[in-house]
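Notes to accompany the following structure.
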Amino acid sequence: MVIYILSLAGVALGVYITSWLRYHCKTLKYDSQARMDGKTVLITGASSGIGKETAEHLLSRGARVIDTEKQLDVLINNAGANSDKGKTTKHGHNFTFGANYIGPFLLTYLLLDLLKKSAPGRIINVSSVMHSSIKESDISFQPKNSSSSTHVEFPNWKDYAFSKLAQIWQTNVLTEKLSADNVTANSMNPGYVHSGIWYVGDCPMFRKILLQSFGWVSSKIGRSSKNAALTVVYMAVDPSLEKVSGCYFENVEISKNMSACAKNKTLAQKMWDVSMDMCGLSKKFE
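Adding 7 to a residue's 1-based position in the sequence shown gives its number in our numbering.
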């Protein structure tokens with residue numbers, strides 16, 4: 008009986024893994040000829056990987072991809088890191104969390120006036136399926152010592168996953184705050200991609216081996232950065248999405264796979280308030 012049950016469990020697990028890989032590794036297609044002539048796009052992390060491929064796609068469609076400009080039609084927060092859990096930013100934040108979330112949060116906030124002035128505009132946050140590994144019980148918002156402000160605590164070994172969850176929360180809060188400004192905000196999961204994110208040099212040996220193992224597998228069955236970029240391109244250029252906001256995208260379409268924790272409006276607002284505090288910004292939303 009035990010062998011029978013274990014066999015069934017093994018088959019079920021095999022079916023699940025096969026299904027997951029087919030969904031997150033399948034080759035994507037986006038055949039629209041939509042142009043972006045006269046549109047300006049800012050992409051963070053555009054020197055390699057998905058960011059670079061997205062930039063090349065958009066350039067081929069007539070867009071201007073820039074660092075700074077007086078007009079901004081699309082902001083794509085793509086830059087990401089997956090570093091040693093002991094590494095911190097100069098402000099004392101977890102490095103992965105700072106690079107993936109706090110920096111893009113501040114950049115987005117500082118560009119909001121320009122996006123509104125250039126409306127219609129689009130904000131796209133490149134998140135990850137890993138966001139769903141964070142549960143509400145993993146997160147704690149605690150008061151700082153000798154201060155009325157709060158800070159967020161999360162398991163250090165889940166820093167990458169939490170940073171990607173926080174990106175979705177930011178997206179969802181922005182959706183409400185920008186509802187009258189003709190600027191949309193959406194997040195996305197690029198899938199299982201063969202990129203440099205797996206090859207981290209400054210982390211403990213066990214973590215390095217694990218990540219590089221995932222990297223090796225991704226080189227065999229994962230998507231290329233060029234193919235994974237198609238969902239971002241779709242979100243940036245497709246005319247049918249001009250009014251679509253607060254959604255989570257996968258595989259060149261809107262997905263229902265946003266986790267329950269990511270949909271939690273109370274936690275999203277708490278994270279927004281903490282982020283404003285971390286960045287030294289006023290609580291007033293301009």
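Yeah, the Cβ is synthetic: ideal placement off N, Cα and C, and Gly gets one too. Just so we're clear, the structure is a prediction, and the values are computed from it rather than from any experiment.
So which of G198, D38 and H100 has the shortest CA-CA distance to M285? Start at 1 with the first residue of the sequence shown, and residue 285 comes out as number 278. Comparing Cα-Cα distances from M285 to each of G198, D38 and H100, the minimum goes to H100.
Enumerated in chain order, which unbroken segments of the beta strand (DSSP E) with a length of 3 residues or greater are wholly contained in the region 81 to 108? 81 to 84
By alpha-carbon positions, which one of S135, G105, I146 and L117 ends up nearest to K94? Reading the sequence shown from its first residue, position 87 is the one you call residue 94. Measuring from the Cα of K94, the nearest candidate turns out to be G105.
Quick one: Cα of A168 to Cα of H64, how far? By one-based count along the sequence shown, residue 168 stands at place 161. By one-based count along the sequence shown, residue 64 stands at place 57. Each residue's Cα considered, the two are about 27 Å apart.
Mapping the DSSP letters down to three states, classify T51 as helix, strand or coil. The residue given as residue 51 occupies position 44 in the sequence shown. It is coil, neither helix nor strand.
Does the count of Cβ pairs from the region 107 to 114 and the region 180 to 190 closer than 8 Å reach three? no
Secondary structure at R29, three-state DSSP: helix, strand or coil? Against the sequence shown, residue 29 aligns to sequence position 22. R29: helix per DSSP, three-state reduction.
List in chain order: all unbroken beta strand (DSSP E) runs of 3+ residues lying wholly within the region 232 to 268. 255 to 257 and 260 to 262
Scan the region 111 to 159 and note each continuous alpha helix (DSSP H) run of 4 residues or more that stays entirely inside, going in chain order. none
Would you identify the three-state DSSP class for T178, choosing helix, strand or coil? By one-based count along the sequence shown, residue 178 stands at place 171. Correct three-state label for T178: helix.
With three or more beta-carbon pairs closer than 8 Å as the criterion, would you say the region 134 to 146 touches the region 234 to 244? no
M195 (DSSP reduced to helix, strand or coil): Here residue 195 is taken as the residue at index 188 of the sequence shown, counted from 1. If DSSP states are grouped into helix, strand and coil, M195 belongs with the strands.
Which residues in the same chain as S153 place their Cβ atom closer than 8 Å to its Cβ, once the five residues preceding and following it in sequence are excluded? Start at 1 with the first residue of the sequence shown, and residue 153 comes out as number 146. The pLDDT assigned to S153 is 49, lower than 50, so where the model puts this residue is not dependable; a value taken from the coordinates is nonetheless given after this. There are no such residues.
Taking Cβ positions, are H138 and I83 nearer each other than 8 Å? Taking the first residue of the sequence shown as 1, we reach residue 138 at position 131. Taking the first residue of the sequence shown as 1, we reach residue 83 at position 76. No, these two residues do not count as a Cβ contact at 8 Å.
Contact check, I57 vs N85, beta carbons under 8 Å: Within the sequence shown, numbered from 1, the residue matching residue 57 stands at position 50. Within the sequence shown, numbered from 1, the residue matching residue 85 stands at position 78. Yes, the Cβ-Cβ distance between I57 and N85 is below 8 Å.
Whole-Å CB distance - D188 paired with K123, under 8 Å assumed: Position 181 of the sequence shown, counting from 1, holds the residue named residue 188. Position 116 of the sequence shown, counting from 1, holds the residue named residue 123. That pair is a contact at about 5 Å.
Enumerate in chain order the residues of its own chain whose CB-to-CB distance from S266 is below 7 Å, with the five nearest sequence positions on each side excluded. Numbered from 1 along the sequence shown, position 259 holds the residue referred to as residue 266. Excluding residues within five positions, the ones whose Cβ falls inside 7 Å are H138 and S139.
Output the distance between the C-alpha atoms of Y108 and M283, rounded to the nearest integer angstrom. Taking the first residue of the sequence shown as 1, we reach residue 108 at position 101. Taking the first residue of the sequence shown as 1, we reach residue 283 at position 276. Each residue's Cα considered, the two are about 12 Å apart.
On the premise that I50 lies in contact with A62, defined as a C-beta separation below 8 Å, what is that separation, rounded to the nearest angstrom? Sequence index remark: in the sequence shown, residue 62 carries index 55 (1-based). Sequence index remark: in the sequence shown, residue 50 carries index 43 (1-based). The Cβ separation is near 5 Å, so the contact holds.
Rounded separation between V259 and A243 - CA only: Here residue 259 refers to the residue found at position 252 when the sequence shown is read from its first residue. Here residue 243 refers to the residue found at position 236 when the sequence shown is read from its first residue. Rounded to the nearest angstrom, the two C-alpha atoms are 11 Å apart.
For V81, does the count of other Cβ atoms within 10 angstroms reach 16, so buried, or fall short, so exposed? Counting from one through the sequence shown, the residue named residue 81 turns up at place 74. Answer is buried; the Cβ neighbour count reaches 16.
For K142, decide whether its Cβ has a neighbour in chain B, counting only Cβ atoms nearer than 8 Å. No chain B is part of this structure, which consists of one protein chain only.
Could you spell out where the alpha helix (DSSP H) holding S67 opens and where it closes? As a position in the sequence shown, residue 67 is number 60, starting the count at 1. Here the alpha helix (DSSP H) through S67 covers G56 to S67.
Quick one: Cα of N234 to Cα of V136, how far? Within the sequence shown, residue 234 is the residue found at index 227, counting from 1. Within the sequence shown, residue 136 is the residue found at index 129, counting from 1. The straight-line gap from Cα to Cα measures roughly 17 Å.
Classification of R42 by the beta-carbon crowding that lies within 10 angstroms, buried from 16 upward: On the sequence shown, residue 42 is found 35 positions in, with the first residue counted as 1. Exposed, since its Cβ has fewer than 16 Cβ neighbours within 10 Å.
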